[in-house]
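In what follows, a single structure is set out as structure tokens and then discussed.
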Amino acid sequence: MLERQKMPEQDPKVRAANFNEVALGFTKEQAIEEAKRCLQCKKPKCMEGCPVEVKIPGFLKYITEGDFDSAIKEIKVDNALPAVCGRVCPQETQCEQVCILSKKGASVSIGRLERFVSDYERTKGVKVPHVRESTGKKVAVVGSGPAGLTAAADLAKMGHSVTIFEALHEAGGVLTYGIPEFRLPKEIVRAEVEYVKKLGVTILLDSVIGKIDTVDDLLSEFDAVFLGTGAGLPMFLNIDGENLNGVYSANEFLTRVNLMKSYMFPEYDTPIKKAKHVVVVGGGNVAMDSARCALRLGAEEVTIVYRRGEEEMPARAEEIEHAKEEGIKFRLLTNPVRIIGDAKNWVTHIECINMYLCEPDESGRCKPMPLAGTEHKIDADVVVIAVGTSPNPLVPRTTKGLEITKHGTVIAKENGATSRKGVYAGGDAVTGSATVISAMGAGKKAARAIDEFLRAK
Amino acid sequence: MPFKILKKQELVPTIHLMDISAPRIAKKAQPGQFVILRIDEKGERIPLTIADFDRGKGTITMIFQAVGKTTTQLSSLKAGDELLDFIGPLGNPAHILNEGTVILVGGGVGVAPVFPQARAFKEAGNKVISIIGARSANLLLWEDRMREVSDELYITTDDGTKGHHGFVTDIVKKIIEGGTKVDKVVAIGPPVMMRAVAGVTRPFNVKTIVSLNSIMVDGTGMCGACRVLVGNETKFACVDGPEFDAHLVDFTLLMNRLAMYQPEEKLAFEKYKCEREGCKC
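Chains as they are written, first to last, in my numbering: chain A, 4 to 460; chain B, 24 to 304.
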């Protein structure tokens with residue numbers, strides 16, 4: 004069996020001080036060699052593992068032939084954002100996990116190859132595929148994150164006239180405000196957004212639905228509405244000291260850094276606190292992203308505090324690895340009890356308690372319990388709370404008859420249909436915070452359902 | 024989609040009025056709400072309370088004081104210039120009902136957001152008593168407009184150059200102690216002033232509303248930068264407010280959090296002044 008190709012990366016010591024992309028991508032030769040490892044299974048498992056059903060063996064075959072143009076064309080039939088997916092998808096739990104080679108050793112690097120051909124196309128100039136004849140139907144998409152962009156791209160290809168309403172001043176949702184430059188360069192997000200626009204999609208920025216227009220306003224102008232409003236509401240720990248100066252939600256911390264470019268303050272106007280000791284609470288990708296941003300902002304010591312063990316961490320193994328290589332400290336089985344500040348309301352310490360794991364709970368993960376008497380303080384002049392997000396209530400609050408769960412997520416069927424006729428939803432707004440690709444899968448399914456709905460109308 | 028500045032005027036030293044063409048926002052705007060703007064690509068997002076709106080002309084009026092980098096840069100723009108981003112209307116509208124007698128207190132630049140509320144309270148049938156204050160007579164804002172929509176208007180200046188020599192709270196206290204039945208007080212201005220008004224009305228149990236100007240980024244509930252403590256509960260000023268029950272607001276926390284970026288704000292402002300005026304630094 005051929006050996007898996009290693010993708011070049013920036014040296015950890017160097018990259019810990021810059022915001023440039025960590026992974027450097029395959030060379031042409033590496034890509035061809037890696038694609039040759041694919042066994043071209045008759046019943047490709049990998050495709051079943053892909054939420055947007057990319058024809059993986061097909062595009063890999065083209066790569067082996069050096070036909071990168073056909074390879075990217077094949078991907079884009081099903082996936083409008085391949086340069087994003089090739090970078091941030093958790094392939095190890097999806098296509099690559101079920102790749103037959105993974106049973107014998109290492110799977111084909113599907114994600115890295117997807118990244119390679121999409122980068123190849125972008126440097127060469129993106130081709131716009133054929134769009135079906137106009138149906139004369141209009142669809143409003145709320146939110147320009149992964150779910151919204153996918154639904155919009157698919158609906159445009161089906162011949163519908165699509166307008167995206169984005170609350171922020173830049174499109175991309177979490178791809179723009181959340182995921183840092185060093186993992187997903189914003190230039191790439193912008194290029195993917197440009198591609199969606201070239202399909203004929205109009206994007207209206209600075210448009211907060213629920214405020215400037217309600218969903219009902221949209222329904223008077225459009226034939227259907229897709230809600231891809233994400234899970235943008237930050238959760239806090241509800242412990243003492245959370246409102247001290249220097250305590251950020253991960254959303255705020257990352258938005259300042261990524262969307263507002265505060266790492267380039269004062270060239271850019273938005274400030275961020277540069278700290279010596281940063282503590283990030285949480286164990287997901289967002290926690291890793293926050294910690295690695297803090298390091299790049301110049302922190303001397305960045306510590307991740309997580310109440311469970313490393314195995315239970317929801318972050319991708321690769322992200323944990325990258326964080327460790329860069330020198331992020333991990334305090335596992337540790338949970339914050341309170342945050343301590345000085346007289347001027349500035350955070351100085353975070354008090355934690357050691358935890359142990361007992362029987363698995365409903366989520367299947369071991370429930371962490373505190374070990375009495377192990378309280379201890381960690382120095383911190385910035386604390387970032389990265390313990391998850393829930394959906395923003397702006398749209399549900401202003402949409403009569405739109406049913407939501409007690410967690411605030413929109414209730415939608417498998418195809419995205421909500422309790423309101425003509426209103427579909429998908430992505431984190433329905434599932435609570437999940438992955439980019441699952442949101443894209445939901446956007447795709449909803450686009451199909453909306454198409455059927457519009458054609459039956 | 025840049026937003027055109029239709030009018031720009033310095034009302035009193037450092038305080039400016041700006042009309043922005045934003046028909047979609049003007050169509051929905053209500054008293055009490057705010058907008059977030061960004062001047063250019065490198066700019067920060069800042070919230071400003073809506074001082075007035077004209078649905079017919081499709082304009083939003085903002086009044087702001089040039090205090091730091093962004094507001095000073097904003098004040099240097101002219102009619103015909105454009106803002107890169109203008110987002111709104113954000114926050115909850117003020118509750119305007121016929122409550123009887125309402126005192127509206129505006130301090131400094133806070134007179135501007137008080138104005139559309141005074142007008143709306145008046146239109147709703149209330150007796151409107153307005154108290155507007157400034158450091159000095161030359162900094163007093165919109166006296167004429169406030170007079171038009173008020174049954175009674177009081178003026179205070181810190182230095183006694185016009186009206187009552189003292190603070191807006193002196194008048195609030197005098198009116199309530201004088202036996203006038205006051206059903207509601209709305210106070211908008213510097214946090215110190217709002218806290219003082221809350222302190223005056225609390226013993227008399229007069230419902231008092233303040234509009235909080237915390238630091239914000241997105242203004243849609245996404246980041247929590249604008250966290251405030253109200254009745255011991257954490258609230259987001261952008262989506263839960265900006266108006267809250269003054270008697271429940273933790274003003275010390277508000278003021279501490281407003282000071283969070285003081286060194287950075289100073290640095291950005293100095294850099295801006297250097298670039299504009301040239302300096303030896």
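Glycine included, every Cβ here is placed at the ideal spot set by N, Cα and C.
{"query": "Can you tell me whether Tyr266(A) is buried or exposed? The criterion is at least 16 other CB atoms within 10 Å of its CB, across all chains shown.", "result": "buried"}
{"query": "At a CB-CB cut-off below 9 Å, which residues of chain B make contact with Val390(A)?", "result": "The premise fails here: Val390(A) is roughly 12 Å from chain B at the closest Cβ pair, so nothing lies under 9 Å."}
{"query": "From the DSSP output, read off the bridge partner residues of Ser164(A).", "result": "Lys141(A)"}
{"query": "On the criterion of 16 or more Cβ atoms from any shown chain inside 10 Å, does Arg158(B) qualify as buried, or is it exposed?", "result": "exposed"}
{"query": "Output, in sequence order along the chain, the residues in the stretch 97-126 of chain B whose CB is closer than 8 Å to any CB in chain A.", "result": "Leu107, Asp108, Phe109, Ile110, Gly111, Pro112, Leu113"}
{"query": "Just to confirm before moving on: does the CB-CB distance between Lys48(A) and Cys88(A) stay below 8 Å?", "result": "no"}
{"query": "Here's the rule: buried if 16 or more other CB atoms are within 10 angstroms of the residue's CB, otherwise exposed. What is Ser112(A)?", "result": "buried"}
{"query": "I need the straight-line Cα distance from Arg225(B) to Val35(B), nearest angstrom please.", "result": "33 Å"}
{"query": "Output the boundary residues of the beta strand (DSSP E) element that contains Thr179(B).", "result": "175-180"}
{"query": "What's the call for His133(A), buried or exposed, on a 16-neighbour Cβ count within 10 Å?", "result": "exposed"}
{"query": "For Gly425(A), which option in Asp384(A), Leu457(A), Ala445(A), Leu187(A) has the closest C-alpha, if you only look at C-alpha atoms?", "result": "Leu457(A)"}
{"query": "Would you mind giving the Cβ-Cβ distance between Thr124(B) and Lys204(B), rounded to the nearest angstrom? I have them listed as a contact below 8 Å.", "result": "6 Å"}
{"query": "In chain A, which residues lie with their C-beta within 8 Å of the C-beta of Asn279(B)?", "result": "Asn248, Lys347, Asn348"}
{"query": "Along the stretch 279-303 of chain B, what residues have a CB closer than 8 Å to any CB found in chain A?", "result": "Asn279, Arg280, Ala282, Met283, Tyr284, Glu287, Glu288, Leu290, Ala291, Lys294"}
{"query": "Just mark Tyr359(A) as buried or exposed, buried being the case when its beta carbon has 16 or more other beta carbons within 10 Å.", "result": "exposed"}
{"query": "Using the beta-carbon count (16 or more within 10 Å), is Arg250(B) buried or exposed?", "result": "buried"}
{"query": "Between Arg17(B) and Asp75(B), what straight-line distance do the alpha-carbon atoms span, to the nearest angstrom?", "result": "Here chain B comprises residues numbered 24 to 304, so residue 17(B) is not present and cannot be evaluated."}
{"query": "Please state whether DSSP places Ser441(A) in a helix, a strand or coil.", "result": "helix"}
{"query": "In the DSSP output, what is Phe109(B) paired with across the bridge?", "result": "Leu60(B)"}
{"query": "Measuring only between beta-carbons, confirm whether Met245(B) sits less than 8 Å from chain A.", "result": "yes"}
{"query": "Helix, strand or coil: which one does DSSP assign to Phe71(A)?", "result": "helix"}
{"query": "Measuring only the C-alpha atoms, how far is Val486(A) from Ile35(A)?", "result": "Look at the range of chain A in this structure, 4 to 460, and you will see that residue 486(A) is not part of it."}
{"query": "So which residues on chain A does Leu29(B) lean against when the C-beta distance must stay under 8 Å?", "result": "Simply none; closest approach about 18 Å."}
{"query": "Quick one: give me the first and last residue of the beta strand (DSSP E) that Tyr359(A) is part of.", "result": "350-363"}
{"query": "For Ile35(A), report the span of its alpha helix (DSSP H) as first-last.", "result": "31-39"}
{"query": "Out of Asn279(B), Gly103(B), Met85(B), which one is the CA nearest neighbour of Ile38(B)?", "result": "Met85(B)"}
{"query": "Which residues bound the beta strand (DSSP E) around Glu51(A)?", "result": "Glu51(A) -> not in any beta strand (DSSP E); alpha helix (DSSP H) instead, spanning 48-51."}
{"query": "Taking three-plus beta-carbon pairs below 8 Å as touching, is the stretch 376-393 of chain A in contact with the stretch 201-219 of chain A?", "result": "no"}
{"query": "Using a Cβ-Cβ cut-off of 8 Å, state whether Phe22(A) counts as contacting chain B.", "result": "no"}
{"query": "Cβ of Asp209(A) less than 8 Å from any chain C Cβ?", "result": "Looking for chain C here will not work: the only protein chains present are A and B."}
{"query": "Leaving out five residues on either side along the sequence, give the residues of the same chain with a beta carbon under 7 Å from the beta carbon of Arg118(A).", "result": "Gly28, Ala86, Gly89, Arg90"}
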